[in-house]
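As structure tokens, the structure follows; a few thoughts come after it.
There are 2 protein chains.
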Amino acid sequence: MKGLDGLFAPRGVAVIGASRNPAKLGAVMARSLSTYDAPLALVNPRDPELHGSVAEAVDSLGAPIDLAVVCVPAAAAADAVAEAAKAGASAALVCAGGFAEAGHPEFQRALLDVVDRHGIRLLGPNTSGFLVPGRGLTASFVPSVGSVPAGGVAVVAASGGVNHALSFLLAEAGYGVSLAVGLGNAADIDAADVLDHLLADPATKAVALHIESVADGSRLAGAVARLSARKPVVALVVGRNDVGAFAKSHTGALATSWRTTRGVLRQSGAVLVDDERQLVDAVGTLSMIRLAPALSPGVGVVTAQAGPGLLLLDGLRGAGIRVPVLADETQRRLGELLPPMTYQANPVDTGRPGPGFGEVVRTAGDDPEVDLVAVYALTEPDSVDLVSELSPQTASTPTVVAVGGSTADVSAVRSGLHERGYPVATSPAALTHAIRALVEDACLNNRRSVDEPIPPVAVPQGPWDEHQAKTVLDTLGVRTPSRAACNTPEEAHAALDTLGGPVALKILDATILHKTEIGGVHLGIRTHAELSEALDALGVQRVLVERMAPAGVDLIVGARRDPVFGPVVLVGLGGTTAEALADVAVRAAPLSAAEAASMTDELLGRALLDGWRGGPVLDRRDLARVVRALGQVLLDAPQVDEIEINPLRLTRDGLVALDAVITGKEQ
Amino acid sequence: MKGLDGLFAPRGVAVIGASRNPAKLGAVMARSLSTYDAPLALVNPRDPELHGSVAEAVDSLGAPIDLAVVCVPAAAAADAVAEAAKAGASAALVCAGGFAEAGHPEFQRALLDVVDRHGIRLLGPNTSGFLVPGRGLTASFVPSVGSVPAGGVAVVAASGGVNHALSFLLAEAGYGVSLAVGLGNAADIDAADVLDHLLADPATKAVALHIESVADGSRLAGAVARLSARKPVVALVVGRNDVGAFAKSHTGALATSWRTTRGVLRQSGAVLVDDERQLVDAVGTLSMIRLAPALSPGVGVVTAQAGPGLLLLDGLRGAGIRVPVLADETQRRLGELLPPMTYQANPVDTGRPGPGFGEVVRTAGDDPEVDLVAVYALTEPDSVDLVSELSPQTASTPTVVAVGGSTADVSAVRSGLHERGYPVATSPAALTHAIRALVEDACLNNRRSVDEPIPPVAVPQGPWDEHQAKTVLDTLGVRTPSRAACNTPEEAHAALDTLGGPVALKILDATILHKTEIGGVHLGIRTHAELSEALDALGVQRVLVERMAPAGVDLIVGARRDPVFGPVVLVGLGGTTAEALADVAVRAAPLSAAEAASMTDELLGRALLDGWRGGPVLDRRDLARVVRALGQVLLDAPQVDEIEINPLRLTRDGLVALDAVITGKEQ
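So the protein lines, in turn, are chains A and B.
The opening position of the first sequence corresponds to residue 1 in our numbering, with each subsequent residue numbered one higher.
The opening position of the second sequence corresponds to residue 668 in our numbering, with each subsequent residue numbered one higher.
The following block contains the structure:
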């Protein structure tokens, strides 16, 4: 068997710890597995009516057992997995808890020893299992999840409970599942393994990824990048708020940094969502439609009722989605289809839906600026048959439909439209999240560019005072103010003459990271008298004299080593408010110029960078060069732990690094 | 008939413009109304088989007609309403569009003339109507909305389409409707009228309010305040983003200021939500449970699956909801009910739900810190019967349950739990929004305090320069720095001696609102030489010399006249980032001290006010005094248009107003 096929497409399955007591886990598992069309061996050495061992089952069934479903307590699990491996199984599922998450890392280590020794792959422990509805394979201790239909969405969830909850919610929303797996403690098989498995799974059209913790950041990022290049990936990351203690009790792992994980997943091409309902809206839609890569897809909105259309428009605008005014020619054609006085510029308000509704939708989709059509309509079976109106879909523009109405009406319309290839939502908010996901995916795909590699960066040994740090920036091509490092008052006075006033005077000492807080910075010095006074106040010999920079908008840009993701870069706005908001964008290094240029898009205060109150406008490419350069420092200079420019000032003349700190190993 | 009873409980109904062509509006309306148990007159003078007029119908039926449902074009609507009024009708519903929203304000004025002359009340025009399922009354041109069951939620929607969409979504979520109305152009009957009607409607337990525009802000605020004191009100306000042109085409009214409307609705006791799904989560739950007023209710979380429980906890923490560690005694009792190693501090993780699950929920609810229990469980019919576990609910602590599972399982559990008084959600996000609504409602109710009125404020005639504005602040008890208004350089130098340095020197001129931008402010002046230099640079006679304030966190506090809501007060953080985020809280004046003290809670950057990086901590009562005083200025001084303190600095010694501007009528 190749890869994870032994787990997800086994030629035979054994339940180790099977039981004839229907309340026992082993019996529940056997019941779940009974619908799978392959030999099923019930193994329990203490029950003479069941198989005594996996090996014996293989002999007596005359068929290979690829998957062992282990339903024994934690202390006995490793032996059971070993027994299965020896009998030829290539995969095991251990459902029981009682391992690392419950203070017994030794049981988990024992499992991993078996994995290492026998090469068997292990799902779990501490998970409710997985399901592959298309094969009738339900390896879960919640048998009712077998009712989830087959479909195009793969669920890769950190938690078995979330795996089931998502599968049920997808089914409720009219979507089916290709594969749904809860990773539990992920002692062996982790999200990256499953994502790589899905690359070649033809049934999987889009992937829902639920993340609680990350052990190996670059492995996960790589797997997401590989998969999202071929199939849309939508990610829900837990842990925005402090949930640490409970999270640890759950899987035995600390919650990962929410912000960094989200940043790196987005960089790897995953669409991000905020909760499981948005996840269902997004991944269900993406399992039916994927837009071509685009910088900013245009959305045409067609609504049969203005009020819900207004909710939709408000939501789309809030997500920064382009709803372009339709071309004159489109509006002319719509004018022929619609009553006068209806709004036709975009949104297109049809008034009550009637015959011709489909033609309106197609006409909006034909507009040259429209890459995607969003439709909202209440079902009114008496006045319009939405399914036949939207069938055949002669226009080729992708279209998502939201329908409101009675449960029965909505269900019928949804089935009909699904069959005709339309994703269907049931409310304006759901439609907003669906559209947002399609647009976001298209934008992320558009960003997959290959850049000129950055030449290697040479950084001298530390420690680095501000002057030395800025000299590193100079070599990186990052602009710094004219300056002079001075060892005597005389040198400082000479520097004032050379640089011209006003200047800043700063203490130069690599051991002082927060110069301002200890009074180590004097600004706006114009005269020798002022300089002398400031030098006296500092009371040290080694100082930096530096030209003052013009006013502007302050950014913070940095790079540091993340324990999970390795070198990461950060961009934020300066000032305490931005800091209090933790308004920071994070990416892993190296990163493409397009990726780096996109980072400010997610800052809450991004309006400040686009000519706020007549101020300067940020050239994103300039910022991208700085960000990539800092990332490269960490990639090329193992002695550097962190490099930060704070502030990096946006002025009318571009970006200037006003202060810089490098920390790391000192020699 | 009293109030709106003629509309919502008519003794007889006439359809004016009835038709026997089933596709016509008049026929559809008649079909909708056919289930109502009262005489229905079909009126159309051009059809001899129908009644020729409302008066004739009254005679021939021998019954009063309270409600006229007018299904004629805009140009003919006023005459039809007048005819009905003369025949004794006390209410009319005009569905047709083609009025103010479509460039025909004259037709709308004609309708209002009839309303004024005859005292008839008018719903619409330009609405799909309303429904009262408990009376079998569906006055809507979407007959399928008659399938929405009777229940405890009243829907008051700006838009007929949203009214229907919400009613359907409530039904889908297992809730019913007491009354659901779309206001359309709201030419006569507006949201305030319906809210006041609901005060005495015993079937209505909670109210969903959808707002697109507000004509009379204080009328709406008053109605929400009256109603929310008795029944929970949940509000969804449209127009966070720019949707202006489309909104105007919809109802003929401009979108109201989103931020101000939300602030005033919250102040009036309405729970705010961000989209229609949250609205359904919130109002459905509040129609079954209302918490006692409380400052910060504690939530006990019980989860049968840790993963969904983690999503829930993350959401609750993000909403600032208290999830207290359970008392030792509670944890001891839980320890007896649950397997070892499960998390029991709160959340309480039961592992798979089994018999005894209900006892765990009740035990968590008995904790002295727990005012509300949130439960998540996947339905596992084989292992636990959630309905019987949670029945009878011996504990008196309110409990909301979320269940995941197959559509059939969830539906059965939901019905059973609803019957037993539990609100039921179907996902962690839905449960989060339900809990948030209950907590928010309890907090808002807790804030309904009556304060000492503020003594009248006397403000001299303007114009007001900074010194005069600060003198007004002095009379209000708002602290300002020591200062001297000086008319000569000699006075300025004397002031420096009196005040001691460092001082700020500012131009004093009521016509200059942005002193800093024209170089009108010099800071940090310590010596007479510096003062002379600064005076020369200013080049004016009249200046303010003022003691410099210590460092701190800058706020902006102001009051202005809103065209819709009248005098409003605003609180925000200082600095361009906060400004770029529009991070401002708004309330109407007058406001209670508790209300004013709550304003900073909704600022994104609120962490800065609570000792950020060892800085000062804001006393909310101090800020409340300043905010209320500014509001009072606008209430008492008609000549003042706006008063703003920017910045109001939070220092270790409390709040100090560093700059103040008053604008208004100059004499």
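A virtual CB, placed ideally from N, CA and C, is assigned to each residue, including glycine.
Which partner residues of residue i appear in the DSSP bridge assignment?
{"i": "B/TYR703", "result": "DSSP, once it has assigned bridges, lists no residue as partnering B/TYR703."}
{"i": "A/SER140", "result": "A/GLY129"}
{"i": "B/ARG1316", "result": "B/ASP1221 and B/VAL1323"}
{"i": "B/TYR1043", "result": "B/THR970 and B/ALA1069"}
{"i": "A/GLU644", "result": "A/GLY558 and A/VAL661"}
{"i": "B/ASP1277", "result": "B/VAL1284"}
{"i": "A/ILE16", "result": "A/VAL43 and A/VAL70"}
{"i": "B/ARG1254", "result": "B/VAL1236"}
{"i": "A/CYS486", "result": "A/VAL543"}
Check residue i in the structure and name its three-state DSSP category.
{"i": "A/HIS118", "result": "helix"}
{"i": "A/LEU170", "result": "helix"}
{"i": "A/LEU4", "result": "coil"}
{"i": "A/ARG352", "result": "coil"}
{"i": "A/ILE289", "result": "coil"}
{"i": "B/ILE1185", "result": "helix"}
{"i": "A/PRO308", "result": "helix"}
{"i": "B/LEU1271", "result": "coil"}
{"i": "A/HIS528", "result": "helix"}
{"i": "A/VAL243", "result": "coil"}
{"i": "B/GLY693", "result": "helix"}
{"i": "B/PRO772", "result": "helix"}
{"i": "B/GLU1213", "result": "strand"}
List the endpoints of the continuous alpha helix (DSSP H) containing residue i.
{"i": "B/ILE1102", "result": "1095-1113"}
{"i": "B/ARG999", "result": "995-1004"}
{"i": "B/GLY849", "result": "Taken as a continuous stretch (DSSP letters only), B/GLY849 belongs to no alpha helix (DSSP H), being part of the beta strand (DSSP E) at 844-849."}
{"i": "A/LEU476", "result": "466-476"}
{"i": "A/ARG414", "result": "407-419"}
{"i": "B/ARG933", "result": "925-934"}
If distances are taken between C-alpha atoms only, which option among the options comes closest to residue i?
{"i": "B/LEU983", "options": "A/VAL243, A/TYR376, A/ALA596 and A/ALA282", "result": "A/VAL243"}
{"i": "B/ALA685", "options": "B/PHE675, B/GLY673, B/ALA676 and B/PRO715", "result": "B/PRO715"}
{"i": "B/ARG1292", "options": "B/PRO1130, B/ALA1274 and B/GLU1262", "result": "B/GLU1262"}
{"i": "A/ALA442", "options": "A/ARG230, A/SER90, A/ASP37 and A/VAL656", "result": "A/ARG230"}
{"i": "B/GLY679", "options": "B/ARG926, B/ALA694, B/VAL710 and B/VAL695", "result": "B/VAL710"}
{"i": "A/ASP562", "options": "A/ARG259, A/ALA9, A/ARG447 and A/TYR422", "result": "A/ARG259"}
{"i": "A/HIS467", "options": "A/ILE454, A/THR511, A/ALA425 and A/ASP497", "result": "A/THR511"}
{"i": "B/ALA875", "options": "B/ALA854, B/ALA840 and B/VAL938", "result": "B/VAL938"}
{"i": "A/ILE211", "options": "A/ALA593, A/GLU579, A/VAL234 and A/ASP610", "result": "A/VAL234"}
{"i": "B/ASP863", "options": "B/ALA1247, B/THR1147 and B/GLY670", "result": "B/GLY670"}
{"i": "A/VAL627", "options": "A/ASP190, A/LEU609, A/ARG652 and A/THR600", "result": "A/THR600"}
{"i": "B/PRO1148", "options": "B/SER811, B/ALA1218, B/ASP1118 and B/PRO1122", "result": "B/ALA1218"}
Assuming residue i is part of the beta strand (DSSP E), what are its boundary residues?
{"i": "A/HIS210", "result": "206-211"}
{"i": "A/LYS506", "result": "503-507"}
{"i": "A/ALA157", "result": "150-157"}
Under the assumption that residue i contacts residue j (Cβ atoms under 8 angstroms), give the Cβ distance between them as a whole number of angstroms.
{"i": "A/SER391", "j": "A/ARG420", "result": "5 angstroms"}
{"i": "B/ALA1296", "j": "B/LEU1143", "result": "4 angstroms"}
{"i": "A/GLY160", "j": "A/GLY184", "result": "6 angstroms"}
{"i": "B/THR1030", "j": "B/THR997", "result": "6 angstroms"}
{"i": "B/ASP733", "j": "B/GLY791", "result": "So it is not a contact: roughly 16 angstroms between Cβ atoms."}
{"i": "A/ILE16", "j": "A/ALA74", "result": "Not confirmed; about 14 angstroms, so no contact."}
{"i": "B/LEU1039", "j": "B/THR1017", "result": "Incorrect: roughly 18 angstroms between the Cβ atoms, too far for contact."}
{"i": "B/VAL1067", "j": "B/LEU1098", "result": "6 angstroms"}
{"i": "A/VAL571", "j": "A/VAL553", "result": "Their Cβ separation, rounded to whole angstroms, is 13 angstroms, which puts A/VAL571 and A/VAL553 out of contact at 8 angstroms."}
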